[in-house]
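According to numbering that gives the first Met the number 0, the stretch in the sequence shown is residues 0 to 61, in order.
Cβ atoms here follow ideal geometry from the backbone N, Cα and C, with glycine treated the same way.
The model shown is predicted, which means the values in this text are computed figures rather than measured ones.
Data first, discussion second: the structure below is written as structure tokens.
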Amino acid sequence: MTKTQLKANILLLLTAAIWGLAFVAQKVGAEHVGAFTYNGIRFALGSISLIPLILFLNKKKR
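Here it is, written out as structure tokens:
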């Protein structure tokens, strides 16, 4: 297995783990906060997590 294939497999495993744990987090989150609050927090976390990617891609274009 090449280094690139290993990196791709690790990223796929990480993606599957995040995707699988999201359902557990949604169930637990729904028990403690309302739907609008929960979705607002999800949107905020998603936006914050994309900021480094946006900065990296903009720096790469220059």
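Residue range of the alpha helix (DSSP H) that includes residue i
i	result
residue 36	34 to 60
residue 3	2 to 31
Distance, residue j Cα to residue i Cα
i	j	result
residue 46	residue 7	24 Å
residue 30	residue 60	43 Å
residue 19	residue 9	15 Å
residue 5	residue 16	16 Å
residue 67	residue 50	Coverage of the chain is limited to positions 0 through 61, which leaves residue 67 absent and any answer about it impossible.
residue 98	residue 28	Residue 98 lies beyond the stretch modelled for the chain, which goes from 0 to 61, so this question has no answer here.
residue 43	residue 54	17 Å
residue 14	residue 3	16 Å
residue 32	residue 0	45 Å
residue 12	residue 35	31 Å
residue 26	residue 48	21 Å
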